[in-house]
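Notes follow the structure.
There are 2 protein chains.
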Amino acid sequence: MTRERLYLFDTTLRDGQQTQGVQFSTDEKLTIARALDSLGIDHIEGGWPGANPTDSAFFDAAPQTRATMTAFGMTKRNGMSAENDDVLAAVLNANTPAVCLVGKTHDFHVETALGITLAENTDNIAKSVAHLVAQGREAIFDAEHFFDGYKANPDYALRAIRAAYDAGARWIALCDTNGGTLPADVGRITAAVIAAGIPGDHLGIHTHNDTENAVACALAAVDAGARQIQGTLNGLGERCGNANLTTLIPILLLKEPYASRFETGVPPEALENLTRISRMLDEILNRVPQKQAAFVGASAFAHKAGLHASAIAKDPTTYEHIDPARVGNTRIIPMSNQAGQSNLRERLTGMGLAVDRADPALGRILDRIKTREAEGYSYDTAQASFELLAREELGQLPEFFDVKRYRVTVERRKNKYDKMISLSEAVVVVKVDGEKLLSVSESMDETGSDRGPVNALSKALSKDLGRYSAHLEDLRLVDFKVRITQGGTEAVTRVIIDSEDGQGRRWSTVGVSANIVDASFEALLDAIKWKLIRDVA
Amino acid sequence: MTRERLYLFDTTLRDGQQTQGVQFSTDEKLTIARALDSLGIDHIEGGWPGANPTDSAFFDAAPQTRATMTAFGMTKRNGMSAENDDVLAAVLNANTPAVCLVGKTHDFHVETALGITLAENTDNIAKSVAHLVAQGREAIFDAEHFFDGYKANPDYALRAIRAAYDAGARWIALCDTNGGTLPADVGRITAAVIAAGIPGDHLGIHTHNDTENAVACALAAVDAGARQIQGTLNGLGERCGNANLTTLIPILLLKEPYASRFETGVPPEALENLTRISRMLDEILNRVPQKQAAFVGASAFAHKAGLHASAIAKDPTTYEHIDPARVGNTRIIPMSNQAGQSNLRERLTGMGLAVDRADPALGRILDRIKTREAEGYSYDTAQASFELLAREELGQLPEFFDVKRYRVTVERRKNKYDKMISLSEAVVVVKVDGEKLLSVSESMDETGSDRGPVNALSKALSKDLGRYSAHLEDLRLVDFKVRITQGGTEAVTRVIIDSEDGQGRRWSTVGVSANIVDASFEALLDAIKWKLIRDVA
Numbered sequence: 001m002t003r004e005r006l007y008l009f010d011t012t013l014r015d016g017q018q019t020q021g022v023q024f025s026t027d028e029k030l031t032i033a034r035a036l037d038s039l040g041i042d043h044i045e046g047g048w049p050g051a052n053p054t055d056s057a058f059f060d061a062a063p064q065t066r067a068t069m070t071a072f073g074m075t076k077r078n079g080m081s082a083e084n085d086d087v088l089a090a091v092l093n094a095n096t097p098a099v100c101l102v103g104k105t106h107d108f109h110v111e112t113a114l115g116i117t118l119a120e121n122t123d124n125i126a127k128s129v130a131h132l133v134a135q136g137r138e139a140i141f142d143a144e145h146f147f148d149g150y151k152a153n154p155d156y157a158l159r160a161i162r163a164a165y166d167a168g169a170r171w172i173a174l175c176d177t178n179g180g181t182l183p184a185d186v187g188r189i190t191a192a193v194i195a196a197g198i199p200g201d202h203l204g205i206h207t208h209n210d211t212e213n214a215v216a217c218a219l220a221a222v223d224a225g226a227r228q229i230q231g232t233l234n235g236l237g238e239r240c241g242n243a244n245l246t247t248l249i250p251i252l253l254l255k256e257p258y259a260s261r262f263e264t265g266v267p268p269e270a271l272e273n274l275t276r277i278s279r280m281l282d283e284i285l286n287r288v289p290q291k292q293a294a295f296v297g298a299s300a301f302a303h304k305a306g307l308h309a310s311a312i313a314k315d316p317t318t319y320e321h322i323d324p325a326r327v328g329n330t331r332i333i334p335m336s337n338q339a340g341q342s343n344l345r346e347r348l349t350g351m352g353l354a355v356d357r358a359d360p361a362l363g364r365i366l367d368r369i370k371t372r373e374a375e376g377y378s379y380d381t382a383q384a385s386f387e388l389l390a391r392e393e394l395g396q397l398p399e400f401f402d403v404k405r406y407r408v409t410v411e412r413r414k415n416k417y418d419k420m421i422s423l424s425e426a427v428v429v430v431k432v433d434g435e436k437l438l439s440v441s442e443s444m445d446e447t448g449s450d451r452g453p454v455n456a457l458s459k460a461l462s463k464d465l466g467r468y469s470a471h472l473e474d475l476r477l478v479d480f481k482v483r484i485t486q487g488g489t490e491a492v493t494r495v496i497i498d499s500e501d502g503q504g505r506r507w508s509t510v511g512v513s514a515n516i517v518d519a520s521f522e523a524l525l526d527a528i529k530w531k532l533i534r535d536v537a
Numbered sequence: 001m002t003r004e005r006l007y008l009f010d011t012t013l014r015d016g017q018q019t020q021g022v023q024f025s026t027d028e029k030l031t032i033a034r035a036l037d038s039l040g041i042d043h044i045e046g047g048w049p050g051a052n053p054t055d056s057a058f059f060d061a062a063p064q065t066r067a068t069m070t071a072f073g074m075t076k077r078n079g080m081s082a083e084n085d086d087v088l089a090a091v092l093n094a095n096t097p098a099v100c101l102v103g104k105t106h107d108f109h110v111e112t113a114l115g116i117t118l119a120e121n122t123d124n125i126a127k128s129v130a131h132l133v134a135q136g137r138e139a140i141f142d143a144e145h146f147f148d149g150y151k152a153n154p155d156y157a158l159r160a161i162r163a164a165y166d167a168g169a170r171w172i173a174l175c176d177t178n179g180g181t182l183p184a185d186v187g188r189i190t191a192a193v194i195a196a197g198i199p200g201d202h203l204g205i206h207t208h209n210d211t212e213n214a215v216a217c218a219l220a221a222v223d224a225g226a227r228q229i230q231g232t233l234n235g236l237g238e239r240c241g242n243a244n245l246t247t248l249i250p251i252l253l254l255k256e257p258y259a260s261r262f263e264t265g266v267p268p269e270a271l272e273n274l275t276r277i278s279r280m281l282d283e284i285l286n287r288v289p290q291k292q293a294a295f296v297g298a299s300a301f302a303h304k305a306g307l308h309a310s311a312i313a314k315d316p317t318t319y320e321h322i323d324p325a326r327v328g329n330t331r332i333i334p335m336s337n338q339a340g341q342s343n344l345r346e347r348l349t350g351m352g353l354a355v356d357r358a359d360p361a362l363g364r365i366l367d368r369i370k371t372r373e374a375e376g377y378s379y380d381t382a383q384a385s386f387e388l389l390a391r392e393e394l395g396q397l398p399e400f401f402d403v404k405r406y407r408v409t410v411e412r413r414k415n416k417y418d419k420m421i422s423l424s425e426a427v428v429v430v431k432v433d434g435e436k437l438l439s440v441s442e443s444m445d446e447t448g449s450d451r452g453p454v455n456a457l458s459k460a461l462s463k464d465l466g467r468y469s470a471h472l473e474d475l476r477l478v479d480f481k482v483r484i485t486q487g488g489t490e491a492v493t494r495v496i497i498d499s500e501d502g503q504g505r506r507w508s509t510v511g512v513s514a515n516i517v518d519a520s521f522e523a524l525l526d527a528i529k530w531k532l533i534r535d536v537a
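The listed protein sequences derive, respectively, from chains A and B. FYI, the UniProt record's numbering numbers position 400 of the first sequence as 400, with every residue one higher than the one before it. FYI, the UniProt record's numbering numbers position 355 of the second sequence as 355, with every residue one higher than the one before it.
Laid out in structure tokens, this is it:
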């Protein structure tokens, strides 16, 4: 039986940006677009060009993707032609192969919010879509409030999307904009749309999670015949978020009846990167990954109940609906580190550290990671710190230098012009090759601005490390993330530092302490050691 | 039309305790049980008496509840009578009016995990349930892996639950133990069970969130005829959690077709406590509440998109599927750069700051927000800092005190036992009511651990603020988020601090500086001022 094609439309960069507290930079958008493309998403909606500067900059710099890059906008305003609408022109000027325009299909919104007649609205939809088609773009129509509109006035709601379809829209996305429609209604209304003559392979579904049913609603629409799913990574989005593609993708690829009936653009090997990509997005947003997230959460395959854990040890299918490896996640069972050791060896080999299967250091490394994770460390991203820990247990970590002590002072006061100024100063004392070296630095940069205590400490630390100093000249701290986490019974600060050097290397290290400066110092030390291993050892 | 009764069975205290990282104390269990009872839940499953000491202690101390207190256990073991099974006896000894016993219904599990014959298993179920009934208890049978069992061997799965039903079980809960069954299958199989002769008003549904469909699966079973829903508050539970009652309750009470068709034990006025109860549970667990949670999340009614926000100001029903007040939640219109003057007025009114439409301060506030956002500030979450900014422009910000200067020192060195220790010290100089006050604090907590420079600074700052000090005793820093962001042309540090006080208030403030200590200090200052406005001004 040939499988039907199901299309995935990602709007992390547009609707996902409506999440409270989320504000992507252009660079972050580029990183996410590349990750989405590596997954095999069909459409990447990048933002609304013209509506905000970051979105415009993203489209100017948009990467070459296999996915169809899509710009978002709205249908032309009343009383002007599609050609003369400057808002629409700005969207088209992003020059994307596809354009998605939102328009109204709910009579109440047309008459109340827009204050125009139903016929005018239908005409605006038709003219806007025709304009896209005339420009050679793939046209996607986002039917705002479609389900509420259909319930209020089915004739008009259908007339509105029919206008888009007849004008040449490739896709009509049925949007449950306020997230209030339940799965049964989504299924029933989608079936009614198809019965009214708009083919399912031209219908998309766009749902929100306001009743925790966004995923179920998307599936209900697919069951009824829709063939495009719109959603976001990690379910980002306005209010409670959009349909979570991080959940929908494994359902479609691994669960029946979907796996047998449908084909998507996501190959099985890309699915194995799903957990990594989900965590990367959280990392960019500086969010704590949700442990209980379906498929990709750290607890998704954690078996706490004693009865479950012992059955899992005999046969994982007893309490697992899928193999966690299929989505790049891992099983967590108390007291089992048999599987742990072989994964660990694999990871060490990947770092160029060949270890014998019988090496007792493997067990010690696992134990230390477990202890450290309980203290608040995290090695998901801090691969360089993980490598140093492993090297230490394997006896492959040179002792380059020894830090004896440091002191940092941060001061803020009024200067002689009665302006508040701040300044930090750091003193570091190290021993290198038996010699004691004292360095002091302050946090002022070339422009006279205070760059803070971690900057002062970093400068003082690398200022004089004897014969190693030359290797640290091209070391640069590029990112710095701090989060409060649980370490044993109390809250601690976890700092993750991303560093890079003149040779294009980029690496991450971690430090944990109740004291933020101390946690930073630990991560800085690791960053330096990791580089010295490569340049000196 | 008379509405049918739908029953709610809560297992927060039993299955919810299987959440990774969750370990309730007996006192916490009592607090949660009282909250569940105040909501109007029908059954409260308190734990497994005999299986762990906290559960036994809970039943010993169990509060008088309107809800039916329920003990959990498993069907009798093979080869002994129900009367002689000490594990079952311990469950009965808790003396609860209802007892819920889990048993196997999937042939594979019976034969593989238990290693007994299918007939023996059916007999164990029947004898166990009959024993409960003979003791005058309400008997509930948890049919483990029922859906997988039905798919593998429908005859046996039905035979197993029929054994419980014929022996007098009041409820048969169909459990999707590994969370892998999708809503359509749950609906189809539940309907098949009813068609096979077990009445829907004796069927419960117990689902897990492994595909993010736990709520949808519960609804699908109700649509098919089941009349009891099992779930947990905030969706706690093994792996990805159980069906979330915090979501299901408002769906059943507020959304169609459920609101018209069914009656539950939850009165509308109890529903208004839902958000508070959800946050209380997070408080007990020391978890940061999920902002995007359906109905009760802080972002659930937050309207960030400019188009949405301006429509909401005209009529909230345009982008809200329910009135947030029905679940005790509140609408938020975040002040992002996408919002305009009318949103701003709406937001200020919500904060109790009535401003005339023509007040030129509105324009100034918007300008300052724009400038500050360009400097790296963000007011999406830091609503308290936003309020202070607005108050300043409106001339409604009292000048409580003036910070003249501060100095923080962080030192790390070896102590006399040759162990590395770190210590921070902060000096703050403020002027209150014309008087200059100097305070010094160090970062050591009661246990002798260093809590870092921000802690020292926070303590020194609130140590002596003259007549304001008394109001700051219950101020607590609960979360602290740091990220590097762009401020103008250079990288700056943005700190967001979440604070709470003894009156249950929780608020967020922001600080931005290249210097992390300084950014933290700014956010701390805002946190203090926001509280003083409420407690003093």
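The beta carbon of each residue, even a glycine, is placed where N, CA and C say it ideally should be.
_Going by C-alpha to C-alpha distance, which of A:Leu353, A:Met351, A:Ile365 sits closest to Gln341 of chain A?_
Nearest of A:Leu353, A:Met351, A:Ile365 to Gln341 of chain A, Cα basis: A:Ile365.
_If the cut-off is 9 Å on Cβ atoms, which residues from the stretch 7-29 of chain A count as contacting chain B, listed in chain order?_
Asp15, Gln17, Gln18, Thr19, Gln20, Gly21, Val22, Gln23, Ser25
_Length of the line joining the Cα atoms of Asp517 of chain B and Lys481 of chain B_ = One point to set straight first is that residue 517 of chain B is Val, not Asp, in the sequence displayed. Lys481 of chain B has its alpha-carbon roughly 13 Å from the corresponding atom of Val517 of chain B.
*Which stretch, first to last residue, makes up the beta strand (DSSP E) that contains Gly187 of chain A?*
Segment 183-195 is the alpha helix (DSSP H) holding Gly187 of chain A; no beta strand (DSSP E) there.
*Does any C-beta atom of chain B lie closer than 8 Å to the C-beta of Gly231 of chain A?*
Output row for Gly231 of chain A: interface = no.
*asked:* Please report the straight-line C-alpha distance between Ala139 of chain A and Arg5 of chain A, rounded to a whole angstrom.
replied: So the alpha carbons of these two residues sit roughly 19 Å apart.
*When the distance is taken between beta carbons, is Ser441 of chain B closer than 8 Å to Ala460 of chain B?*
yes
*Check whether the Cβ atoms of Thr225 of chain A and Ala191 of chain A sit closer than 8 Å, and answer yes or no.*
Here the sequence assigns Gly to residue 225 of chain A, which means Thr is not the residue at that position. For Gly225 of chain A and Ala191 of chain A, yes; Cβs fall inside 8 Å.
*Among the residues of its own chain, which have a CB less than 6 Å from the CB of Gly379 of chain A, if the five just before and after it don't count?*
For the record, residue 379 of chain A in the displayed sequence is Tyr; it is not Gly. Only Phe386 meet the Cβ criterion.
_Start-end ranges of the beta strand (DSSP E) lying completely within the stretch 214-301 of chain A, minimum 3 residues_ = 228-231
*Between which two residues does the alpha helix (DSSP H) harbouring Ser449 of chain B extend?*
Looking at the DSSP string, Ser449 of chain B is not in any alpha helix (DSSP H), and its letter there is neither H nor E.
*Got a sec? Which residues, its chain only, sit under 6 Å from Ser336 of chain A by beta carbon, not counting five neighbours each side?*
In this prediction, Ser336 of chain A scores a pLDDT of 36, lower than 50, which makes its location untrustworthy; the coordinate-derived value is nonetheless stated afterwards. Hits under 6 Å: none found.
*Selection of the stretch 315-331 of chain B by Cβ proximity to chain A, strictly under 9 Å*: Asp315, Thr317, Thr318, Tyr319, Glu320, His321, Ile322
*Could you check which residue in A:Ser462, A:Tyr319, A:Phe400, A:Gly231 has the C-alpha nearest to that of Gly16 of chain A?*
A:Gly231
_Spatial neighbours of Phe301 of chain A in its chain, beta-carbon cut-off 8 Å, leaving aside the 5 residues before and after_ = Cβ contact annotation for Phe301 of chain A (same chain, cutoff 8 Å, sequence separation greater than five): Glu320, Pro324, Asn329, Thr330, Arg331, Ile332, in chain order.
*Examine chain B for any beta-carbon lying closer than 8 Å to the beta-carbon of Cys240 of chain A, and answer yes or no.*
yes
*Hey, is Glu411 of chain A's beta-carbon within less than 8 Å of any beta-carbon in chain B?*
yes
_Lys463 of chain B (DSSP reduced to helix, strand or coil)_ = DSSP, read as helix, strand or coil, puts Lys463 of chain B in helix.
*Give a yes or no on whether 8 Å exceeds the smallest Cβ distance from Gly482 of chain B to chain A.*
The question names Gly, but residue 482 of chain B in the sequence shown is Val. Yes - at least one Cβ of chain A is within 8 Å of the one on Val482 of chain B.
*asked:* Just to make sure I have the definition right: I need the residues of chain A whose C-beta is within less than 9 Å of the C-beta of Ser378 of chain B. Which are they?
replied: Gly21, Gln23
*asked:* Check this for me: beta carbons of Lys291 of chain B and Ser278 of chain B, under 8 Å apart or not?
replied: no
_Beta-carbon proximity of Ala515 of chain B to Asp450 of chain A, cut-off 8 Å_ = First, the residue type needs correcting, since residue 515 of chain B is Asn and not Ala in the sequence shown. Less than 8 Å separates the beta-carbon of Asn515 of chain B from that of Asp450 of chain A.
*For Glu4 of chain A, does the three-state DSSP call read helix, strand or coil?*
strand
*Any chain B beta carbon closer than 8 Å to Asn337 of chain A*: Confidence at Asn337 of chain A is low in this model, with a pLDDT of 40, below 50, so the placement of that residue is unreliable and no value is reported for it.
*Can you tell me whether Glu446 of chain B is buried or exposed, with buried defined as 16 or more other CB within 10 angstroms of its CB?*
Under the 10 Å beta carbon count, Glu446 of chain B is surrounded by fewer than 16 other beta carbons and is classified as exposed.
*asked:* Leu101 of chain B and Phe147 of chain B - do their beta-carbons sit closer together than 8 Å?
replied: no
*Stretch-stretch touch, CB-based, cutoff 8 Å, three pairs: the stretch 388-399 of chain B with the stretch 500-507 of chain A*: No: fewer than three Cβ pairs fall under 8 Å.
*Considering only residues of the same chain and omitting the five flanking positions on each side of Asn22 of chain B, which have a CB-CB separation below 8 Å?*
Here residue 22 of chain B is Val; the residue named in the question, Asn, does not match the sequence. For Val22 of chain B, where only same-chain residues beyond five positions count, the Cβ hits under 8 Å are Gly16, Leu236, Leu285.
*Going along chain A in order, which residues have a C-beta closer than 7 Å to the C-beta of Ile365 of chain B?*
Near Ile365 of chain B there are no residues of chain A at all, since even the closest Cβ is about 19 Å away, more than 7 Å.
*Which class does Phe24 of chain A belong to by DSSP, given the choice of helix, strand or coil?*
Three-state result, Phe24 of chain A: coil.
*By the 10 Å Cβ neighbour count, where 16 or more other Cβ atoms means buried, how is Ala537 of chain B classified, buried or exposed?*
exposed
*For the alpha helix (DSSP H) that contains Ser81 of chain B, what are its first and last residues?*
That residue, Ser81 of chain B, is in no alpha helix (DSSP H); it is neither H nor E in DSSP.
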